[in-house]
Structure formats: C-alpha cells, structure tokens
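Plus 458 on top of the position in the sequence shown (first one is 1) and you've got our numbering. Take a look at the structure below.
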Amino acid sequence: MQNAISAAPPIVLDDEALVERGRRVLRMEADALREADRRLGDEFAKAVQLIAESSGRVIVAGVGKSGLIGRKIAATFTSTGTPASFLHPVESLHGDLGIVGEHDAAILISKSGASDELLGMLEHLQRLGVATISITGNRDSQLARLTDVSLDGWVSEEACPHDLAPTTSSTVALALGDALAVVLLEAKGFGREDFARLHPGGTLGRRLLTRVADVMLRDSLPLLPPDATMRQAVVELSRRRGIVVVVDDELKCLGVLTSGDLTRLMEKEADFMTVPVKEVMTAGGQRARPDELASAVVYRMEQRGIISMPVQDESGVVCGVIHLHDIMRAGVA
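Shown next, in the form of structure tokens:
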C-alpha cells in the first residue's frame, strides 16, 4: 500500500554544500535576532515593569512550537527568581485556569497573533484581571491589540526553505523571553548566591555554594616557625601534600614553602637539611579566606600555577590550608 503523500526524491549534497546550508540557517537566525534588537523599544520596558509590579507568578502560554518555546521561557523565569508556569491554552479552558490568580502576569506567544486557542484564553485572563503581554510576529493582529503590552517578534522569513516551519520566529520569541527574564533578574538584584540556592543539586550549584571553609584542611596543619630547619619541613611536605606554612608566634602567615622550593634548594645545596625555612620560603603570596567561593580560589590557583594555599581568618591567623585536590573532589573544579 502506497503512502497517500509521495515524497520528493532526496537531494544529494556533498559535505561542503551541507555545511553551507547549515551556515545559511545560522546566518538567517542571527540576522533575525539583530533585527529584533533594532526594533526593541519602549514596549519592552513596559513589559518588564508590568511583570515586576505583579506580585503573583508569570503564566506563559502558546500552541505548537510557540508552546515549546513558552515552556523554556517559563523555566528560565523560574530559575532566575521569577516564579512562572506554562499553561496550555486548551487545557486552560478545561479547568486549568484554576492556577491563575488576579495578581499574575501572562505572556502569550503566537507568530500570527490569530490563534483561536490563545484568544479564547486571553478573554478569560482579562476577566480575572491578569496583566497580559504578547510576543507576536504581527503587531496588527487581534492578540497584539488586545494584550496590555505587545512585543515585536516579526521576522522577514523562516530559515525553512519553504518559509513554513517555525525557525527564525521561534528563535526570536525565545530570545525575547530570555531578555525579559534576565532584565528582571538584574532589576531584582538576583545574585549568584540566589541562583545557586535554586540549583543546589548540580555542578553550578556546587560552584556557587561551596566556600573555602567547606573544603579546607583544618586539623594538623603544616605550620612551622621561621627558624625551623628544612629537615622539619621535609617531614611536613610529605605529610601534607607539598605545602608548609611558615607562621610567627601569633600564627600569622609569613610565607609558604612548597615541594617545588625543596627541589630547587636540593639542586643548589648539598647540605640543605640544616637551612632555615625562612631562607627558602616564598614571602607574601596568595591567601584564601574561609568565606570566599572555592571556585574563585581555583581561578587564582590556575592563574598562578599553584595547587594549594593557606587560609587566613579576619585577624590574619592561619586557620586552614586549601588544596586543589580537595576542591576537585567536592565537584567545584
């Protein structure tokens, strides 16, 4: 039994032609975003203010590909500190409007602005007193005219060679949603720590939440006075993974001695065991604080080619040692 719709014969393309067609799609979508950037105006500011002034959640709706974009936009809002939910327009008319409150704001997405499902949903949202924003490619559409604010999602053509499948238009709609979420994030002062609290289970959360105090070595610290000999230092270097912190009587750091310093000393001095550590240590150098992010310490280690550093409290007393290995074990690096 033959298919009702006969497929056209496939077009045979070489690798170069395939790559060029892929680049064409990327160029078209990039051009559409640049055009959306150029057209962005006061309506965007009004949309941000409308959402910021709404004490409820953001309801995002769309049909088909616009619905898929809407789900991503809702997820972005939620992960950046603005509670949001996706609501399918059809399901909304069959009981799901119960999740909507009068203090909510709604974002309705439609390329044509003529979706019957969205227009039906819009009528009920307005009865509930919900503030409404549309993202549509047709500023003269009924959806654009009836919503409180309309954002311009117009594109000259889709990347689809038949100008049918939503491609450039869905990219622009997604970017406008991202722009709203990010600008709201900034307006609310939503910081890295806030973001981490909403993402505690992943690598990002570990990077943003893990402090030096969480992973530093606290007990049996490799501390030596400046007059200690390299014989004593060798013991500590082997015991504590290649670092000795030279401290004064108040346990304040005077310098750091590493396995690298020992190796260089051995190359120069045959009788190195009796050399005082103060003559070999590196004075000054990097220090970590217990309350700073472990990821920030990793960056400094990478920049300076070191794998460990002393940790000092507010008074300058050495309270720990942090190793790159421990940071990596914690999943931060």
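Each residue gets a CB set at the ideal place from its N, CA and C atoms; glycine is no exception.
Review point. Near T536, what residues of its chain come up, given a Cβ to Cβ distance below 7 Å and the 5 sequence neighbours on each side ignored?
Key: Excluding positions up to five away in sequence, the list reads A542.
**Study point:** With 16 other Cβ atoms within 10 Å as the buried cut-off, status of V477
**Key:** That one is exposed.
Check your understanding: Where does I557 land, buried or exposed, given buried means 16+ other C-beta within 10 angstroms?
Key -> I557 counts as exposed, since fewer than 16 other beta carbons sit within 10 angstroms of its beta carbon.
Practice item. Tell me whether Q761 is buried or exposed, calling it buried when 16 or more other Cβ atoms sit within 10 Å of its Cβ. Key: Its Cβ having fewer than 16 others within 10 Å, Q761 is exposed.
**Study point:** Coarse secondary structure for A686, derived from DSSP in three states
**Key:** Looking at A686 - three-state DSSP - the assignment turns out to be coil, as it is neither helix nor strand.
Review point. At which residue ranges does the region 562-612 contain complete alpha helix (DSSP H) runs of 4 or more residues, listed in the order of the chain?
Key: Taken in chain order, the whole alpha helix (DSSP H) runs of length 4 or more contained in the region 562-612 are 574-585 and 600-604.
Check your understanding: Is the region 624-635 touching the region 490-507 in the sense that three or more CB pairs, one from each, lie closer than 8 Å?
Key -> Touching, yes, given that three or more Cβ pairs across the two stretches are closer than 8 Å.
Practice item. Measure the beta-carbon distance from Q744 to R758 and round it to whole angstroms, keeping in mind my assumption that it falls under 8 Å. Key: Right, their Cβ atoms sit about 6 Å apart.
Point to revise | Close Cβ partners of R699 (< 8 Å) along its chain, the five nearest in sequence each way excluded | key: Cβ within range, chain order: S766, H781 and H783.
**Study point:** Burial state of T732, where buried means 16 or more other Cβ atoms lie within 10 Å
**Key:** T732 counts as exposed, since fewer than 16 other beta carbons sit within 10 angstroms of its beta carbon.
Exercise for review: Please list, in chain order, all residues of the same chain as T629 whose beta carbon is under 6 Å from its beta carbon, the five residues on each side excluded.
Suggested key: Non-local C-beta neighbours of T629 in its own chain, meaning closer than 6 Å and more than five positions away in sequence, comprise E487, ordered along the chain.
Check your understanding: Where does R787 land, buried or exposed, given buried means 16+ other C-beta within 10 angstroms?
Key -> Exposed.
**Study point:** Length of the line joining the Cα atoms of H657 and T534
**Key:** The pLDDT assigned to H657 is 48, lower than 50, so where the model puts this residue is not dependable; a value taken from the coordinates is nonetheless given after this. H657 and T534 have their C-alpha atoms spaced approximately 12 Å apart.
Review point. In three-state terms, what does DSSP make of P467?
Key: Note: P467 maps to coil in three-state DSSP.
Point to revise | Cβ shell of V735 (< 6 Å), same chain only, five flanking positions each side left out | key: Closer than 6 Å at the Cβ level, and outside the excluded window around V735, lie L682, A686, A691, V704 and L715.
Practice item. Take G587 as the anchor and find which of I593, M579 and I531 has the nearest alpha-carbon. Key: Per the Cα distances, M579.
Check your understanding: Based on the DSSP output, what are the partners of C711 in its beta bridges?
Key -> According to DSSP, C711 bridges with V705.
Check your understanding: Taking the beta strand (DSSP E) that H781 falls in, what are its first and last residues?
Key -> Residues V776 to H781.
Point to revise | Helix, strand or coil at T661 according to DSSP, with G and I counted as helix | key: Bear in mind that the predicted position of T661 carries a pLDDT of just 49, short of 50, making it unreliable; the figure below should be weighed with that in mind. In the structure shown, T661 falls within a helical segment according to DSSP collapsed to helix, strand and coil.
Check your understanding: Which of the three DSSP states, helix, strand or coil, is assigned to A788?
Key -> A788 falls in the coil class under three-state DSSP.
Check your understanding: Using DSSP with H/G/I as helix, E/B as strand and the rest coil, what is R747?
Key -> The answer is coil: DSSP assigns R747 none of H, G, I, E or B.
Point to revise | Identity of the residue in T740, P768, G480 and A645 nearest D677 by Cα | key: For D677, the closest of T740, P768, G480 and A645 by C-alpha to C-alpha distance is P768.
Exercise for review: Identify, in the order they occur along the chain, each residue of the same chain with its Cβ nearer than 7 Å to the Cβ of V641, setting aside the five sequence neighbours on each side.
Suggested key: The beta carbon of V641 sits closer than 7 Å to those of V506, all from its chain and outside the five residues before and after it, given in chain order.
**Study point:** First through last residue of the beta strand (DSSP E) which encompasses F648
**Key:** Looking at the DSSP string, F648 is not in any beta strand (DSSP E), and its letter there is neither H nor E.
Review point. Considering I517, what are the terminal residues of the beta strand (DSSP E) in which it resides?
Key: Run containing I517: V516 to G520, per the beta strand (DSSP E) assignment.
Point to revise | Inter-residue Cα distance where the pair is S573 and A671 | key: Looking at the backbone, the Cα of S573 and that of A671 are separated by about 55 Å.
Review point. If you check the beta carbons only, do G520 and I509 fall under 8 Å apart?
Key: No, the Cβ-Cβ distance between G520 and I509 is not below 8 Å.
Practice item. List the DSSP bridge partners of Q770. Key: Assignment of beta-bridge partners to Q770 by DSSP yields V776.
**Study point:** Residue from E575, N596, A617 and K504 with nearest C-alpha to A563
**Key:** For the residues E575, N596, A617 and K504, the minimum Cα distance to A563 belongs to K504.
Review point. Would DSSP call S543 helix, strand or coil?
Key: In the displayed model, S543 falls within a strand according to three-state DSSP.
Point to revise | Rounded separation between G659 and L604 - CA only | key: Confidence at G659 is low in this model, with a pLDDT of 48, below 50, so the placement of that residue should be treated as unreliable; the coordinate-derived value is given next. Whole-angstrom Cα-Cα distance: 42 Å.
Exercise for review: Give the range of the alpha helix (DSSP H) segment to which I531 is assigned.
Suggested key: Taken as a continuous stretch (DSSP letters only), the alpha helix (DSSP H) holding I531 covers K523 to S537.
Point to revise | CB contact flag (F648, G539, <8 Å) | key: The answer is yes: Cβ separation under 8 Å.
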